[in-house]
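Notes follow the structure.
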Amino acid sequence: MSDHALGQDESLLIRAARDFSRAELLDRDRQWDRGDGCVTDVLPQLSEMGLLALMTPEEVDGLGCSYRTYSAILQEIAYASPSTAVTISVHNMVGLVVDRFADPSLRRSWLELWGDAKNFGAFAISEANAGSDPGASLTKADRNGDNFILSGEKMWITNGLTARWFVTLARTLPGEGKAGLSLLMVDGDSNGIDRAPIHGKMGIRGSETAVIAFDGVVVPTTHLLGEEGAGLSASLAALDGGRIGIAAQAAGIAQACLDEMISYAHEREQFGTKIAGFPAIQQMIADSHVELAAAKELIDFAAWSKDMGHDDRSASSKAKLYATEAANRIAYRAVQLHGGMGYVNECRVEQLFRDARITTIYEGTSEIQRVVIARELLKNN
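Converting from the sequence shown to our numbering requires adding 146 to each position, the first position being numbered 1.
What follows is the structure, encoded as structure tokens:
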């Protein structure tokens with residue numbers, strides 16, 4: 147959005163993220179994809195860079211970034227490592243939930259820890275039968291004096307193996323339907339928590355994805371985030387911001403694919419000439435460039451809208467829907483342009499093709515985004 151240019155300090159942060167990701171993450175991400183380590187290997191560096199406290203207020207030693215700066219930084223990180231981008235995104239969104247909903251007596255003490263690699267955050271919302279519909283959550287937290295006793299199983303939990311803190315959706319008011327769900331801040335060091343990795347992922351293999359089982363975990367009632375029974379609406383608010391992060395991740399993947407396409411088109415020869423001169427190749431590159439530019443505009447508008455405090459949930463959904471589906475189309479073209487080389491894992495576009503696929507699924511599927519967009523249109527017109 148040219149009429150809302152970022153300031154010098156924000157631009158410097160984005161450039162620092164770009165330099166760091168190219169120098170420190172690009173090669174590592176390729177290793178992680180092959181099963182050699184994961185993003186947690188670089189958590190101390192992410193902490194030192196301030197990337198774990200991007201959205202944390204400056205008053206508690208965070209960077210206090212706007213959504214626009216945050217989304218631009220995530221694009222730079224995702225260009226080199228989509229796995230790192232989603233890891234950072236989830237942790238920062240958990241921090242925003244804490245900032246907005248935590249008990250005033252605990253908010254500051256939690257947020258002061260947020261930039262520390264030892265205080266990693268995760269959302270424990272999805273379940274085996276409650277993905278797109280978090281309101282179907284079966285995890286329960288029964289009140290017992292000044293505590294809740296938490297039991298249930300959560301699935302597809304990003305950062306789940308390392309997280310110190312879980313923002314957890316659980317039923318605290320039995321028989322109250324969706325209104326009986328609440329958000330709890332659960333200490334991962336508590337007794338009764340079992341974590342198991344989910345193996346065999348198609349892409350973003352450097353990020354942690356886990357099943358988390360809670361068995362009689364004691365959670366103080368002061369760890370309630372927001373009002374009791376209002377957990378579903380708080381969860382949806384968190385997902386709204388998270389969708390901007392996933393859209394930014396997709397844009398970073400798409401930009402990497404486009405750059406790989408352009409580079410290969412200048413190098414590869416067929417019929418005695420560079421393939422960059424072939425109209426079919428030019429069309430692939432042009433279509434990808436235009437789609438990526440449109441995606442970035444939608445992301446920037448959604449981020450600006452959040453920064454302005456506008457109540458426009460469809461803006462985030464539009465950005466996520468278009469950017470993630472565009473990234474998949476662009477990744478497809480990147481593989482196609484590379485021909486046989488694009489089909490083997492020594493070529494980076496093969497990995498990017500796999501990494502892009504999840505973006506249309508997590509933080510709300512493309513189908514859910516279309517429902518959100520349509521409902522907003524029908525409600526307001």
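Note that beta-carbon positions come from the ideal geometry of N, C-alpha and C, so glycine has one too.
Just curious, the alpha helix (DSSP H) that residue i is in, first and last residue?
i, result
"E156", "154-166"
"R317", "Unbroken run through R317 is the beta strand (DSSP E), 311-317; no alpha helix (DSSP H)."
"D173", "172-179"
"A520", "512-526"
"P190", "189-195"
"L498", "494-503"
On the CB-based measure, 16 or more other CB atoms within 10 Å of its CB, does residue i come out buried or exposed?
i, result
"D335", "exposed"
"K118", "Nothing can be reported for residue 118, as the shown portion of the chain is limited to 147 through 527."
"H456", "exposed"
"R459", "buried"
"V436", "exposed"
"E413", "exposed"
"N526", "exposed"
"M195", "buried"
"R516", "exposed"
"S409", "exposed"
"R521", "exposed"
"N337", "exposed"
"Q401", "buried"
"E273", "buried"
"D179", "buried"
"E513", "exposed"
"D175", "buried"
"D386", "buried"
"S255", "exposed"
"D149", "Residue confidence is low: D149 scores 44 on pLDDT, short of 50, so the model does not pin down where it sits. No coordinate-derived value is stated."
"K466", "buried"
"Q429", "exposed"
"K464", "buried"
Whole angstroms is fine: what's the gap from residue i's alpha carbon to residue j's?
i, j, result
"L378", "G372", "11 Å"
"M147", "L523", "Legend: pLDDT at M147 = 44, less than 50; position of this residue unreliable, value from coordinates given subsequently. Each residue's Cα considered, the two are about 23 Å apart."
"I427", "L189", "40 Å"
"P228", "G291", "44 Å"
"P203", "L209", "6 Å"
"S434", "A480", "9 Å"
"A270", "R317", "13 Å"
"A248", "L197", "22 Å"
"G323", "I421", "60 Å"
"A376", "I295", "18 Å"
"A411", "P425", "12 Å"
"A440", "T368", "44 Å"
"A199", "G346", "30 Å"
"V518", "S462", "10 Å"
"I153", "I445", "The amino acid occupying residue 153 in the given sequence is Gly; Ile does not appear at that position. Spanning the two alpha carbons is a distance of roughly 18 Å."
"S157", "S212", "12 Å"
"S297", "G362", "5 Å"
"A169", "L257", "29 Å"
"A151", "T285", "45 Å"
"M301", "F360", "11 Å"
"M331", "I392", "23 Å"
"L382", "E406", "36 Å"
"T308", "M348", "21 Å"
"M454", "R214", "11 Å"
"T304", "G510", "14 Å"
"V365", "T230", "30 Å"
"V232", "M201", "15 Å"
"Y468", "Y225", "18 Å"
"S235", "G388", "7 Å"
"L172", "C403", "13 Å"
Following the continuous beta strand (DSSP E) through residue i, name the residue where it begins and the one where it ends.
i, result
"S328", "327-333"
"S297", "293-304"
"A282", "From DSSP, A282 is part of no beta strand (DSSP E); its letter is neither H nor E."
"V363", "355-366"
"A342", "339-343"
Original post:
Could you give the uninterrupted runs of the alpha helix (DSSP H) lying entirely in the segment 394-477, keeping only those of 4 residues or more?
Top reply: 425-453
Original post:
Counting pairs of beta carbons, one from the segment 346-364 and one from the segment 409-424, are three or more of them closer than 8 Å?
Top reply: no
Original post:
Which runs of the beta strand (DSSP E) spanning at least 3 residues fall entirely within the segment 206-277, listed in chain order?
Top reply: 267-270
Original post:
Do three or more CB pairs link the segment 173-184 to the segment 237-257 at distances below 8 Å?
Top reply: no
**OP:** Taking 8 Å as the threshold, find out whether the segment 494-502 comes into contact with the segment 391-408 through three or more Cβ pairs.
**Re:** yes
Subject >> Touch test, the segment 483-495 against the segment 442-451, Cβ-Cβ under 8 Å, three pairs minimum >> reply: no
**OP:** Check whether the segment 273-282 touches the segment 335-351, taking contact to mean three or more Cβ pairs, one atom from each stretch, closer than 8 Å.
**Re:** no
Original post:
Are there three or more Cβ pairs, one per stretch, closer than 8 Å when the segment 156-173 is compared with the segment 214-221?
Top reply: Yes, the segment 156-173 is in contact with the segment 214-221.
**OP:** Evaluate contact between the segment 262-269 and the segment 302-318, counting only Cβ atoms and requiring at least three cross-stretch pairs below 8 Å.
**Re:** yes
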